[in-house]
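For what it's worth, this note's numbering labels the leading residue of the sequence shown as 4, then goes sequentially.
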Amino acid sequence: MEDDLEAVVQARGRRMATLAAALALTTTIATVAGTTDLPPGDPSQGEALYRQYCTVCHGATGEGDGPNAPFLEDDRPRDLTDARYMARLTDRDLTEVIRGGGGGVGRSRFMPAWGNTLSPQEVGDVVTYTRALSRQPQRPMALPADPPAAAGARLVAELGCTGCHRIGDLPSAPVAPDLSRLGAKLQRPWLDAYLQQPHRVRPAGYVPLSRSRMPDFRLSPQESRQMTAYLIRLRPEGVLPVGSVQAPAEADGSALFQRLACRACHIFAERGGQAAPDLSLVSQRLQEAWVALYLLDPQAADPRSPMPRPGIAPGEASALSAYLYAGSLSSPPEGPDARDEEEATRGAALFRDLACRACHRRPDEDVPERVGPDLTFVGDKLHSEWLKVFLRKPHPVRAWLRARMPTFGLTDAEVEQVTAFLATLRDQGLPPLSPLLQAGGGASPDILQAGARLASREYLSCSSCHLGGDRSPEGPADEWAPDLRLAARRLRPEWIVRWLLDPQRLLQGTKMPSYFPDADSGPNDILDGDEERQILVLRDYLLVIGAAPAGLGP
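Shown next as structure tokens:
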């Protein structure tokens, strides 16, 4: 604790030293030769502006090591802590680079122009703050009416979304994008798919660079539709009117894209930086009218946007938007399990050609048990990403079995094809789960403790058959069940629920007992005997058991 306190004190001391040096500079800026037109800079304001606009390339401490720096080819950002280099630059030099961009003064072509975004005072603030970086030790820097939207609003509250996002007038401490205007910005299918399977939209993180990322709440399809129905209703009043977008001018969108150095931050056509979202997917993700208006004034759409105001006419903004959409991938966003039909067809042919049936049972095959697992409905059971890893490099899942999966030396394309085929092997006759059993998961201490109790030897005694606890299962090793610590990587959450409900329904002849055959079968002293809640906490416990602290295993 004392070491932590000392570190905090030292960090604050370094911060005050930097700002003090910057304050001292403010008295000289206006009198430096050739810089009499510069307003005195405020270093504290300059720090905030630097963090918002500059850290993504120049780094939190100014050393040119921001998360976007490695993607700028051979034109890396300047190290602003280099005292010799900074001493050669007048404040006018710095001002011209910030206002006009690197290309305008013969410097880095990836340095964007901020003159249309920052006021003269703000430019002076940034100049003052960046000067100080080279002179001091551095430091790290009401429910809607329709039922689906109403249910989505409740989910937003229950999942704590306002802990990271600003959503309308709800209290928040945002470290992630403002969702208050989402309905005017995003495409509904993309948002639905994203909520089911979040991924990095901004590889460098949101501003300020917190390295935070959207977690996966394991939403059911119904829950993602409900949240989408609520979020897509959030639209600004009198802002970004669709009808105000002008027809594209004769301006060349491609030339504008190059002139504005868009590739410094964005990937497009498989090239570019990673400070900002991938523009190759813009037609899937964003509404075209919103893009054109955002290009005119990014800060009007999002006051915290780190994108510089391009200073272009409305017709040019429309031309640039049209260029991005023409070069964007036009296919609709896939859901988490969607697979291209052609890929699956090729995968089925590979499955046949590699004689996988020799070891694995397939649907509609009335054959004796084979040496490998039954793949009849494997698409319901296994995560596709885990399957890809396993197909590239097979490894024991049931280490005590003598049979082993051979390595076929599949190419990456073949792995994708076989995985796409296996993902189609689903049981179309499965009955729907109750609304409660479709709920997303959680990992609170109460949930984990309840799940651990249910799995313990006092109750279901999972470790009697499964690895994953602090001792080996009972009986001969060749009768042990799979390691529970692999569940999160291998198994789909919905499949775990169905398996706990009725194992025989999913795999006839399995040795797994049915612990919840009826509404009164669960232990009464856990969660008030509510079997559905018991199944959910068991599922959530299994999904975190690989990272559980010692002594929490079943």
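Every residue, glycine too, gets a C-beta built ideally from N, C-alpha and C.
Just so we're clear, the structure is a prediction, and the values are computed from it rather than from any experiment.
Closest Cα partner of residue i within the set the options
i	options	result
Arg221	Trp498, Leu97, Arg407, Ser183	Trp498
Met114	Leu494, Cys167, Ala278, Trp193	Ala278
Glu125	Arg542, Gln55, Leu541	Gln55
Leu436	Gly65, Leu194, Glu535	Glu535
Val129	His61, Leu162, Glu417, Leu298	His61
Leu323	Gly256, Arg407, Asp300	Gly256
Asp377	Pro317, Leu162, Leu510, Ala320	Leu510
Phe271	Arg407, Gln225, Tyr326, Tyr233	Tyr326
Cys468	Asp430, Asp528, Leu440, Arg401	Arg401
Gln302	Glu319, Arg407, Leu121	Leu121
Ser283	His269, Val294, Ala292, Glu291	His269
Leu263	Arg460, Pro123, Ala232, Arg112	Arg112
Val159	Ala295, Ile235, Tyr132	Ile235
Ala44	Thr348, Glu346, Thr131	For the record, residue 44 in the displayed sequence is Gly; it is not Ala. Checked all of Thr348, Glu346, Thr131; the closest Cα to Gly44 is Thr131.
Val294	Glu346, Ser517, Ala187, Pro306	Ala187
Ala358	Ala458, Trp483, Gly65, Met408	Met408
Ser47	Met310, Gly127, Ala72	Gly127
Glu99	Asp82, Phe393, Gly118, Leu83	Gly118
Tyr233	Leu194, Arg266, Ser223	Leu194
Gly412	Arg395, Pro399, Glu345, Gly478	Arg395
Leu433	Met515, Arg312, Ala267, Pro506	Pro506
Ala196	Leu162, Gly171, Thr231	Thr231
Ala267	Cys57, Arg360, Leu83, Ala51	Cys57
Whether residue i touches residue j by CB criterion (8 Å)
i	j	result
Asp85	Ser137	yes
Leu428	Val381	yes
Arg508	Asp383	no
Val421	Gly314	no
Ile538	Leu487	no
Leu289	Leu189	yes
Leu182	Arg191	no
Pro218	Pro201	yes
Gln261	Ser227	no
Arg493	Leu385	yes
Gly275	Phe519	no
Leu353	Glu417	yes
Arg134	Met89	yes
Arg95	Ala116	no
Gln441	Ser223	yes
Val285	Tyr328	yes
Glu461	Glu346	no
Any C-beta of chain C under 8 Å from that of residue i
i	result
Gln200	In the structure shown, chain C does not exist; there is a single protein chain.
For residue i, the three-state DSSP class (helix, strand or coil)
i	result
Arg191	helix
Pro244	Summary for Pro244: the model assigns pLDDT 40, below 50, so the residue's position carries little reliability; its value from the coordinates is reported in the next sentence. Looking at Pro244 - three-state DSSP - the assignment turns out to be coil, as it is neither helix nor strand.
Gly380	Inspection of the sequence shows that residue 380 is occupied by Phe rather than by Gly. Residue state, collapsed to three classes: coil.
His469	strand
Arg91	coil
Leu494	strand
Arg221	coil
Ala358	coil
Phe271	strand
Asp436	One detail in the question is off: residue 436 reads as Leu in this sequence, not Asp. Leu436 falls in the coil class under three-state DSSP.
Leu136	helix
Leu562	Any question about residue 562 goes unanswered here, given that the chain covers just 4 to 557.
Ala458	helix
Glu9	Here the model assigns Glu9 a pLDDT of 40, short of 50, so the residue's position is not dependable, and the following value carries that caveat. Helix at Glu9.
Leu327	helix
Gln451	With the sequence shown as reference, residue 451 is identified as Leu, and Gln is not the correct amino acid for it. Three-state result, Leu451: helix.
Ala484	strand
Local Cβ density within 10 Å of residue i, reported as buried at 16 or more and exposed below that
i	result
Thr410	exposed
Arg542	buried
Leu259	buried
Pro140	For Pro140, the predicted model reports a pLDDT of 44, less than 50, meaning its position is unreliable and no value from the coordinates is stated.
Gly512	exposed
Ala480	exposed
Asn527	exposed
Arg87	exposed
Ser475	exposed
Gly105	buried
Met19	With a pLDDT of only 42 at Met19, under the threshold of 50, the placement of this residue in the model should not be trusted; the figure read from the coordinates follows. Classification of Met19: exposed, given that the 10 Å Cβ count is below 16.
Pro309	buried
Glu477	exposed
Leu439	exposed
His398	exposed
Arg81	buried
Residue i: CB within 7 Å of a non-hydrogen atom of the ligand GDP
i	result
Gly49	Questions concerning the ligand GDP fall outside what the structure shown contains, since it holds no ligand whatsoever.
Would you say the region 541-548 touches the region 452-462, given that touching needs at least three Cβ pairs under 8 Å?
yes
If you pair each beta-carbon of the region 153-164 with each one of the region 273-288, do three or more pairs fall below 8 Å?
no
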